[in-house]
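If you read the protein sequences in the order shown, they are chains A and B.
For the numbering used here, add 2 to where a residue sits in the first sequence, where the first one is 1.
For the numbering used here, add 447 to where a residue sits in the second sequence, where the first one is 1.
The beta carbon of each residue, even a glycine, is placed where N, CA and C say it ideally should be.
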Amino acid sequence: MIQLAAPFTEEKIRSLKVGDMVEISGVIFTGRDAVHKWLYEGNEPPVSLRDGIIYHCGPVVMKKKGQWVVTAAGPTTSTREEPYQATIIEKHGVRAVIGKGGMGEKTRQACQKFGCVYLHAVGGAAQVLAEAIKKVRTVYMLEKFGSPEAIWELEVENFPVVVTIDSHGNSLHKDIEAESAQNLSKLMQQIGKPAAAK
Amino acid sequence: MTSSQQKKLQEAFVEIVRKTSAELPQDVVDAVIEGLEREAKESRGEYALKIIQKNIELAKKKSQPLCQDTGSILFYIHYPRKLDSELLTKLVKKAVVSATKKGFLRQNSVDSLTGENNGTNVGPGTPTLHLEPWKKDHIEVKLMLKGGGCENVGAQYSLPDARIGAGRDLYGVKKCILDAVQQAQGKGCGPGVLGVIVGGDRATGYLASKEQFLRKMRDKNPNPVLSKLEEECLQEANQLGIGPMGFGGKTTLMGVKIGALNRLPASFFVSVSYMCWAFRRQGAKLSTQGKIQKWLY
Ligand code: SF4
């Protein structure tokens, strides 16, 4: 297990490799469709994302005794941000993107070029991930985008992820897809053939 | 039906929704643990499954949704003939609104044309109710919550399919099933379970493929041909190496359930539904007074 603690410097990010199991501690920002589109259109973020981490997540946040509390915080599907992500990594100096399902070629290249990684959280693990969020620091653009789409600034501790795109041009998604395609074609060839003598 | 009886029934429906959203049935929990034991120590597959296992425990303890996508709401209800099905439908819908208010369901249904979310989970096509009268004098309610991520990786094949070399026979069916798993990779939040229907038309095939998920994980298909096909597909899919969440590993699927419907001579469909690890299904035997007499899973 690798501990990744703030500040998220380029050096720390570049030391991560595809397949690493990582626990993050520090500040992360949620951002999904509305935020990505908005930044992509050239608007300035209300808070600096430089050396920051963006989490593709629309959390469920409740106000309890005047305090924001996150009650569910699983990742959402990242490919929806593929058209925007590379530009945002480049322009705003984002060091890591957390989500699920992986991202495409443009993002992989941006990670390599600008020193960023894609971190895969466990899809559906809403409760475990909510527990790793220790504090809601503040929220931006709540009125404009509504709760799930707003930018929530969260303090996390030991937030569990796997590196699936690193800053050296590797993608676990590509590797697994290629490997499983090979396994599949072997299996397909055997289908309908009499079983080999044991 | 008296108004207090209606209230009791509605409360029972809300409780069924709560339990379905927060607690995985034991047969699914057992399958997750089996997967966990199969993965290599310190591997990414084991890591993902450990987080999943912890999430299952936490959600139950906190009585909170297992996954924040509380999914499509699919009810399968048998009811005594003397009950009014319209009234029953109304009570189920009210229960859905109330379960949403209580946070057991996310506000999860939007108007497809305007994008508007009325925040109730009730609208055209939601919740989905399959109502069937029967001779018994109790109500049987089964509920499934099926997430969007896994629904997106479902697939329907029309045989013959030249791309994967699948003909109109059981070998062809197997090719469709394995191809669907490969296409899905980890995107359906695996390890998953497949519900498959051979035959039917496009609509009935998909509809019945979901009903396969009402079967228990370790039951045996009464049809020996399908039973054998289920075992083979499970075993072979787990050789693909996709693993939990697509991180690589031995547990790509936890189960395969296959049924068959008659087809027209001109058509041969294979419909594959994918269920994520957050396999939320519960059921209850209810008295007409609204008392939960027994949990079914
Ligand atoms: S596919 Fe299942 S586990 Fe994944 S986010 Fe959707 S409902 Fe949750």
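Query: Cα-Cα separation between A/S17 and B/I739, rounded to whole angstroms; Result: 56 Å
Query: B/K732 CB to nearest heavy atom of the ligand SF4 below 8 Å; Result: no
Query: Candidates A/P150, A/H38, A/K102 and A/Y142: closest to A/I167 by CA position; Result: A/K102
Query: is_contact[A/S17, chain B] using C-beta, thresh 9 Å; Result: no
Query: Rounded straight-line distance, which links the Cα of B/F460 to that of B/K583; Result: 19 Å
Query: B/E470 burial status per 10 Å Cβ neighbour count (16 or more: buried); Result: buried
Query: C-alpha gap between A/E92 and A/V141, whole angstroms; Result: 24 Å
Query: B/E587 to A/I153 span [Cα, whole Å]; Result: 44 Å
Query: CB contact below 9 Å: A/N185 versus chain B; Result: yes
Query: Assigned secondary structure, B/I705 (DSSP; H/G/I helix, E/B strand, else coil); Result: strand
Query: Proximal residues to B/L625 (C-beta, below 8 Å), its chain only, five neighbours per side dropped; Result: C680, E683, A684 and L687
Query: Per DSSP, the bridge partner or partners of B/T536; Result: Answer is none; B/T536 lacks a bridge partner.
Query: Closest by C-alpha distance to A/L41, when choosing among A/Q184, A/M143, A/Q5 and A/G68; Result: A/M143
Query: Backbone secondary structure at B/D608 - three-state DSSP; Result: strand
Query: Under 7 Å from the C-beta of B/R491: neighbouring residues of chain A; Result: G21, M23 and V164
Query: Residue of B/G633, B/R665 and B/E677 minimising C-alpha distance to B/I644; Result: B/E677
Query: Proximity winner among B/Y653, B/G596, B/E579 and B/S714, relative to B/S532 (alpha-carbon distances); Result: B/E579
Query: For B/G635 and B/G596, believed in contact at Cβ under 8 Å, the rounded distance; Result: 6 Å
Query: Uninterrupted beta strand (DSSP E) stretches inside the stretch 58-108 of chain A (no shorter than 3 residues); Result: 62-66, 69-74 and 98-101
Query: Range covered by the beta strand (DSSP E) that runs through A/E155; Result: I153 to I167
Query: Inter-stretch contact at 8 Å, needing at least 3 Cβ pairs: the stretch 590-608 of chain B / the stretch 520-537 of chain B; Result: yes
Query: Residues near B/T536 by beta carbon distance below 8 Å, same chain, minus five either side; Result: L576 and L578
Query: Distance between beta carbons of B/S656 and B/S718, contact taken as under 8 Å; Result: 5 Å
Query: Check: B/Q515 C-beta below 8 Å from any heavy atom of the ligand SF4; Result: yes
Query: Inside the stretch 454-538 of chain B only - alpha helix (DSSP H) runs reaching at least 4 residues; Result: 473-485 and 491-509
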